[in-house]
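Structure first, commentary second.
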Amino acid sequence: MLIEAATPEKTSSDQHNNLQASQHAEDIPSRFPLFSRTPNLHDHDENSMRQILRDYFLNTFNTYESLFDCLASDEAFYTQSIRLRHPLIFYYGHTATFFINKLLLTRMITERIDQHMESVFAVGVDEMSWDDLNSANYNWPTPSDVKAYRHKVRDVVLDLIDHAPLHLPIDWNNPWWAILMGIEHERIHLETSSVLIRQHKLEFVKPVQAWQPFALNQSNTPNTLHTAAHNKLIQVAAGQVVLGKEKTSPYYGWDNEYGHHDAVIEAFEATQYLVSNAEFLEFVQADGYKNTDYWNEEGQGWLAFTKADHPTFWRKNPDGWQLRLMTEEIAMPWDWPAEVNYLEAKAFCNWKKQHTGQNVRLPTEDEWYRLYDVAGISEVNNKPASANIHLDYAASPCPVNIFQQGEFFDIVGNVWQWMETPIYPFEGFEVHPIYDDFTTPTFDERHNLIKGGSWISSGNETLRSARYAFRRHFFQHAGFRYVVSGDIAPVPSSHYETDKLLSEYAEFHYGDSYFGVENFSKALADLAIKTLHTPELKTVPRHKALDLGCASGRATFELAQYFEHVTGIDFSARFIGQADKLAQGETLRYTLVDEGELVSYKSRSLADLGLSHTQEKVSFYQGDACNLKPVFTGYDFIMAANLIDRLYEPAKFLNHIHERLNMGGVLMLASPYTWLTEHTKQKNWVGGYKKDGENFSTFDGLQQMLSKHFRLIQAPQEVPFIIRETKRKFQHTLSEVTFWQRVV
Ligand SMILES: [Fe+2]
Numbered sequence: 006m007l008i009e010a011a012t013p014e015k016t017s018s019d020q021h022n023n024l025q026a027s028q029h030a031e032d033i034p035s036r037f038p039l040f041s042r043t044p045n046l047h048d049h050d051e052n053s054m055r056q057i058l059r060d061y062f063l064n065t066f067n068t069y070e071s072l073f074d075c076l077a078s079d080e081a082f083y084t085q086s087i088r089l090r091h092p093l094i095f096y097y098g099h100t101a102t103f104f105i106n107k108l109l110l111t112r113m114i115t116e117r118i119d120q121h122m123e124s125v126f127a128v129g130v131d132e133m134s135w136d137d138l139n140s141a142n143y144n145w146p147t148p149s150d151v152k153a154y155r156h157k158v159r160d161v162v163l164d165l166i167d168h169a170p171l172h173l174p175i176d177w178n179n180p181w182w183a184i185l186m187g188i189e190h191e192r193i194h195l196e197t198s199s200v201l202i203r204q205h206k207l208e209f210v211k212p213v214q215a216w217q218p219f220a221l222n223q224s225n226t227p228n229t230l231h232t233a234a235h236n237k238l239i240q241v242a243a244g245q246v247v248l249g250k251e252k253t254s255p256y257y258g259w260d261n262e263y264g265h266h267d268a269v270i271e272a273f274e275a276t277q278y279l280v281s282n283a284e285f286l287e288f289v290q291a292d293g294y295k296n297t298d299y300w301n302e303e304g305q306g307w308l309a310f311t312k313a314d315h316p317t318f319w320r321k322n323p324d325g326w327q328l329r330l331m332t333e334e335i336a337m338p339w340d341w342p343a344e345v346n347y348l349e350a351k352a353f354c355n356w357k358k359q360h361t362g363q364n365v366r367l368p369t370e371d372e373w374y375r376l377y378d379v380a381g382i383s384e385v386n387n388k389p390a391s392a393n394i395h396l397d398y399a400a401s402p403c404p405v406n407i408f409q410q411g412e413f414f415d416i417v418g419n420v421w422q423w424m425e426t427p428i429y430p431f432e433g434f435e436v437h438p439i440y441d442d443f444t445t446p447t448f449d450e451r452h453n454l455i456k457g458g459s460w461i462s463s464g465n466e467t468l469r470s471a472r473y474a475f476r477r478h479f480f481q482h483a484g485f486r487y488v489v490s491g492d493i494a495p496v497p498s499s500h501y502e503t504d505k506l507l508s509e510y511a512e513f514h515y516g517d518s519y520f521g522v523e524n525f526s527k528a529l530a531d532l533a534i535k536t537l538h539t540p541e542l543k544t545v546p547r548h549k550a551l552d553l554g555c556a557s558g559r560a561t562f563e564l565a566q567y568f569e570h571v572t573g574i575d576f577s578a579r580f581i582g583q584a585d586k587l588a589q590g591e592t593l594r595y596t597l598v599d600e601g602e603l604v605s606y607k608s609r610s611l612a613d614l615g616l617s618h619t620q621e622k623v624s625f626y627q628g629d630a631c632n633l634k635p636v637f638t639g640y641d642f643i644m645a646a647n648l649i650d651r652l653y654e655p656a657k658f659l660n661h662i663h664e665r666l667n668m669g670g671v672l673m674l675a676s677p678y679t680w681l682t683e684h685t686k687q688k689n690w691v692g693g694y695k696k697d698g699e700n701f702s703t704f705d706g707l708q709q710m711l712s713k714h715f716r717l718i719q720a721p722q723e724v725p726f727i728i729r730e731t732k733r734k735f736q737h738t739l740s741e742v743t744f745w746q747r748v749v
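Counted from 1, the sequence shown has number 628 at position 623 by the working numbering; the numbering is strictly sequential.
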């Protein structure tokens, strides 16, 4: 199984790429049998697909269970290894419950296995901040009860794999996706639980044959500080990278991998090796943890809270430094990668930058893909990997100079590598309906990507397309390499608008239409253009238009299909922000309330709406319609949609708007005339009250105010609009539209 074999490119020094394990690596025995690989979901008939899934499931389930053999006692299951994480008993049961929950959602099963277990093991703790205390007190089941529960779940899953109806291929929309999701989820927890075991007190863990670390004598390099491989920078030629996964890919993927992103990467330099413990020691010895100049604000906060003065897995003993592994402490392997969080890696780069005068920093995700491509890496297949990954060699990192990939070492494997890039959604991102909170909570610009995988990363985690992100102060089996390169291109925003009003407007302007009612902004713009095409108005020039009260800006873009330039103005900077974002070519992302706390995720770009060509023809400003700056004048057309009944002094607007229009220009008003004293004092209403004992409508008021400078072009007409409040609650409104031509 060779996955998406990359075409090797030559690096600048034109050395031959070595796609096999290096000479050192070949001397290292791999473990047998190999931990099974994430399956190709396309190239099999029904029977072999069932068999492959059975093997993949059992191999994962059993390996996960065996990891907990490293715990020395029941107490080790119940004691938190770090604050803000559940104790390991939770993770022991959690991966089994996850199967049940996802299978229920796809209706592959219809009943729970164990109500109690499944209530206890459903939801983990999301660490919001390191000073956020979790004092939850759980009454945990015993490890043997959890094991018995796990085995019931195993039987249910195996029964499904053997007997449930199977329609190939298994893809994103297939109910069997839940089985793959459960397996890959367990592989993620295999890794994160191994970190928790490594963070447990030594008294709670015990060495186990199946989880032995890399034997120090396997390396040809003597393990001393002075013999650790000396790192150097290697030139990488400029080139293009293409990221993203198609729904037609034969391999399981998490939601954030799908969609598309490409980038042109300038030439840069990257270190040949990951930063080793020896190299990181220079930073520690240079008082790197004491000099806050090297630490950004977030790093300083973390330092102040943790009082760290060296990497978390380092131990300072009277006879020298040691390194904590999963179940033991060993003499410091100086040639192994330094394992740190992003904040420490960043501080190291800042120190190095000051030290060398070079623009040292962490790589971006795009740069990492460039390294991957120039190194000509083949993805993990059924042979032992030419990388310390997938548990193929040992249950620990290994020296940084063993697994050569092109001119580099450990582009993939050994430990994850922190990126400068926070995780963000690719163009075309959508959440998977049965796991809508896998990635979206991490789109907050606080979770940075880690790439490359570690010695225990397996399954989906080892694919080129894998994208995982963690909080920047978080510890995984993660380290870094650094690059010398230019400034970083801005990362596409990952922010989802969750403010109710802004989200509703985003949907109102750019979202779906409901109950057959056409998008309001588009309908108004179409009506305007149709009216301007009538014989009496077709001489009106098409130079400049103004969309006053433009809100999120849809009509501005629509009108820009007809006019040379359209200005959108709104009182609310937040609405203008949405419009501006689209005008910059970015994607608007927002959540919509379905019911209660449940939301759905939406994204829209101008390209989705066929409006990309209007991007250069619009500009947006914040402004007060009753008090516009003098510069906003000379328009051929002004639209004020759903505006006048929101103004504090509509008369001021109506009595002066002609000053902004060219002679012969057209004013379009649309309003449901919903007068509310919270917006407009009653004495300022244009109409909608009794005058001299008779009804005085807003239209009457408009005629009275506008007749001095305008003629009414045609009879008023009503245009409906719908604002979605929840999945089942909508506001349906009629807006009265009138057109006025300036004649005086
Ligand atoms: Fe989980």
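Each residue gets a CB set at the ideal place from its N, CA and C atoms; glycine is no exception. Treat the numbers as computed from the prediction; the structure is a model and nothing was measured.
Item	Value
Which whole-angstrom value is the C-beta distance of E75 and V213, which I expect to be below 8 Å?	Checking the displayed sequence, the identity of residue 75 turns out to be Cys instead of Glu. The Cβ separation is near 5 Å, so the contact holds.
Skipping 5 residues on each side, what residues in its chain have a beta carbon closer than 7 Å to that of L330?	R203, P218 and S401
On the premise that A275 lies in contact with I239, defined as a C-beta separation below 8 Å, what is that separation, rounded to the nearest angstrom?	6 Å
D415 by DSSP, collapsed to three states: which one?	coil
Would the C-beta of T444 count as close to ligand 1, meaning under 8 Å from any of its heavy atoms?	no
In terms of alpha-carbon separation, which member of E541, A550, L542 and F520 lies closest to A530?	A550
Return yes when at least one heavy atom of ligand 1 lies under 8 Å from the C-beta of T447, else no.	no
Look at S605 and L611 and say whether their C-beta atoms are less than 9 Å apart.	no
So what does DSSP say about G582, is it helix, strand or coil?	helix
Have a look at H63 and G433 and give me their C-alpha separation to the nearest angstrom.	The sequence as given places Leu at residue 63; His does not occur at that position. Each residue's alpha carbon lies about 34 Å from the other.
Which partner residues does T332 have in the DSSP bridge list?	Answer is none; T332 lacks a bridge partner.
For R366, count the other beta carbons within 10 Å of its own beta carbon; 16 or more makes it buried, fewer makes it exposed. Which is it?	buried
Along the alpha helix (DSSP H) that carries Y515, what are the first and last residues, could you check?	K505 to Y515
What separation, rounded to the nearest whole angstrom, lies between the Cα atoms of L230 and D340?	8 Å
Measure from the alpha carbon of T426 to the alpha carbon of each residue in Q746, I493 and G457, then state which is nearest.	I493
Going by Cα to Cα distance, which pick from R477, F568, A675 and I461 is closest to V1?	Outside the modelled stretch of the chain, which goes from 6 to 749, sits residue 1, for which no answer is possible.
Between the segment 567-585 and the segment 507-519, are three or more C-beta pairs nearer than 8 Å?	yes
How far does the beta strand (DSSP E) with P725 in it reach, from first residue to last?	Q722 to T731
Does DSSP put N453 in a helix, in a strand, or in coil?	strand
Using a 10 Å radius around the Cβ and a threshold of 16 neighbouring Cβ atoms, would you call S526 buried or exposed?	buried
Mind checking whether A101 and Y154 have CB atoms under 9 Å apart?	yes
Relative to the alpha-carbon of S676, which residue among K686, G692 and H663 has its alpha-carbon at the smallest distance?	G692
If you draw a straight line from the C-alpha of E31 to the C-alpha of S391, how long is it?	9 Å
At what residue ranges does the segment 668-712 contain a whole run of the beta strand (DSSP E), taking only runs of 3 or more?	694-696 and 699-701
Can you look up K351 in the DSSP assignment and give me helix, strand or coil?	helix
By the three-class DSSP mapping on this structure, what secondary structure does I193 have?	helix
On the criterion of 16 or more Cβ atoms from any shown chain inside 10 Å, does Q589 qualify as buried, or is it exposed?	exposed
To the nearest angstrom, report how far apart T743 and F448 are at their CA atoms.	44 Å
Quick one: does the C-beta of T65 sit closer than 8 Å to a heavy atom of ligand 1?	no
Alpha carbon to alpha carbon, what distance is there between A183 and W135?	Any answer about W135 is weak, because its pLDDT of 38 lies below 50 and its placement is not dependable; what the coordinates show is given next. Going by the C-alpha atoms only, they are around 33 Å apart.
In terms of alpha-carbon separation, which member of S490, K622 and F82 lies closest to F364?	It is Asn, not Phe, that sits at residue 364 in the sequence shown. The shortest C-alpha separation from N364 is found at S490.
Leaving out five residues before and five after E349 in sequence, what residues of the same chain have Cβ atoms less than 7 Å from its Cβ?	P316
Which residues in the same chain have their Cβ closer than 8 Å to the Cβ of T147, if we skip the five residues on either side of it in sequence?	D79
Can the beta-carbon of I114 be found closer than 9 Å to that of K157?	no
Report all residues from its chain with a CB closer than 8 Å to the CB of T503; omit the five preceding and five following residues, and keep chain order.	Y595, T596 and V604
Can you look up R609 in the DSSP assignment and give me helix, strand or coil?	strand
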